[in-house]
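Enquirer: The structure's right below; bear with me while I get my questions together.
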Amino acid sequence: MRSTLTLTVAAGLIFAGAGAAPASADAPKGAYWRVETVFTRTHPHAVGSGYHLTERSVSVDWLSPEGKSWGGYRELGARPATEKDEAAWRADGSPTAWAYRTEGMKIRLSTEPGKGFVGTDKKRPDGFRLGEKYVTFQQLQSLPTDVEALRKYLVADVNAWIDKSAEEAKTTAPKATKNDWLVNLDRYVAGMATELLYVNPAPDKVRAAAYQVLKTTKGVSDLGRAKDPLGRPGQKLALPVPSNKDSVLKQQLLVDTEAMTLLAEYTDLKDGGKAVLGKSGVKTFEAGWTNDKPAVPDAR
């Protein structure tokens, strides 16, 4: 049975975090913070007589208040991507499985969901990943609830990561400069603010402040109200387009402005004006507390 998520929403949450008072820690509302991600994309290689398939997969992460983690994954099956692809598929006899080799690897696709798995990553340290570091549940609860204080915190964290990355790059890319990262500073900050909306069980007021940081970050565009592929309404935002000479990456987000959680992420990656299949697509998210134990994700 699919896990039931619960998420408490405080009245007037959209305006929370306007004061300078420190965050009030939210007590865990379940045994695990659970994040489910369903990714829908077009398979990068044509199959059969030359048609493309849409693939779906689901991944689930569980985090206990002590920072213990579990992960689950399942392929959900493939199907023709468009009406034209479906016509070609039917002309091929409506196969339910495909296989081909690329770069020495055997790729197998099926219309049926995979068996999936669930387990722990023994290399992952205990804790909640925040940017490039891991923090405790208590540290997560003490994040700033004031919008500008949280922005300052995130900018400092991103700058520390940029300093480290620029220093490490000297050995492999001597011509690289710190500005290669700084040119995308606003995008990195927006990305960190977005993660606070779903990745970890941040307090309600922190998520509200994170949303305000996100929507007011330079280069972020408000696209108005919209619905995700599951029919859930939210506010749609476009992230700044990163500076890259070789490709263009456009990403849009849909945020539930009542629960202050991320509902969907739309990715459009083009190289030389052509869509990069397999990396472009849409992800839908469900995040919240649950008492259900980690298990192989359901097929749906």
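Per mature numbering (1 follows the signal peptide of the UniProt record, and there is no 0), the sequence shown runs over residues -20 to -1, 1 to 280.
We treat Cβ as the ideally placed atom computed from N, Cα and C, and that holds for glycine.
1. Who are D41's beta bridge partners in DSSP?
2. DSSP beta-bridge partners for S201?
3. Give the single residue among F117, E245, E35 and P274 whose Cα lies nearest to the Cα of P45.
4. Determine the DSSP secondary structure at A182, reduced to helix, strand or coil.
5. Is V115 helix, strand or coil when you go by DSSP?
6. Note down, in chain order, each residue of its chain lying with its Cβ closer than 6 Å to the Cβ of T241, except the 5 sequence neighbours on either side.
7. Under 8 Å Cβ to Cβ from T247, same chain only, skipping five residues before and after it: list those, please.
8. Helix, strand or coil, according to DSSP, for R280 in the structure here?
9. From the DSSP output, read off the bridge partner residues of E266.
10. Among G204, E55, D143 and Y31, whose alpha-carbon lies nearest the alpha-carbon of A68?
11. Under 8 Å by Cβ, that's how I've got S29 and A58 pegged, so tell me the actual separation to the nearest angstrom.
12. From L234 to K207, what distance separates their C-alpha atoms?
13. Buried or exposed, going by whether 16 or more other CB atoms sit within 10 Å of the CB of A1?
14. Assuming A170 contacts P220 under a Cβ cut-off of 8 Å, what Cβ separation, rounded to an integer in Å, is found between them?
15. Identify, in the order they occur along the chain, each residue of the same chain with its Cβ nearer than 7 Å to the Cβ of E55, setting aside the five sequence neighbours on each side.
16. CA-CA distance, W13 and R109?
17. Compare the Cα-Cα distances from G51 to each of T82, G96 and R81 and report the closest residue.
18. Taking buried to mean at least 16 other C-beta atoms within 10 Å of its own C-beta, is S4 buried or exposed?
Expert: According to the structure shown:
1. The partner list for D41 (beta bridge, DSSP) reads V15 and G51.
2. As computed with DSSP, S201 is found in a beta bridge with A218.
3. In terms of CA proximity to P45, F117 leads the group F117, E245, E35 and P274.
4. DSSP places A182 outside both helix and strand once states are collapsed to three, so it counts as coil.
5. Looking at V115 - three-state DSSP - the assignment turns out to be strand.
6. If you ignore the 5 residues before and after T241, its C-beta comes within less than 6 Å of the C-beta of L177, Y178 and A267, all in its own chain and listed in chain order.
7. Counting only Cβ-Cβ distances below 8 Å, and skipping sequence neighbours, we find L229, K230, Q231, K259, S260, G261, V262 and K263.
8. R280: coil per DSSP, three-state reduction.
9. In DSSP, E266 forms a bridge with E16.
10. Minimum Cα distance to A68 is reached at Y31.
11. Wrong, their Cβ atoms sit about 16 Å apart, outside the cutoff.
12. Rounded to whole angstroms, the separation of the alpha carbons of K207 and L234 is 8 Å.
13. Low per-residue confidence applies at A1: pLDDT is 35, beneath 50, and the placement is therefore not dependable, though the value from the model is reported in the following sentence. Answer is exposed; the Cβ neighbour count stays below 16.
14. Cβ atoms of A170 and P220 come within 8 Å of each other, at about 7 Å.
15. Counting only residues of its own chain and dropping the five nearest sequence neighbours on each side, E55 has a CB closer than 7 Å to the CB of S37, P93 and G94.
16. Approximately 13 Å between the Cα atoms of the pair.
17. Cα-wise, what sits closest to G51 is G96.
18. Bear in mind that the predicted position of S4 carries a pLDDT of just 47, short of 50, making it unreliable; the figure below should be weighed with that in mind. So S4 counts as exposed.
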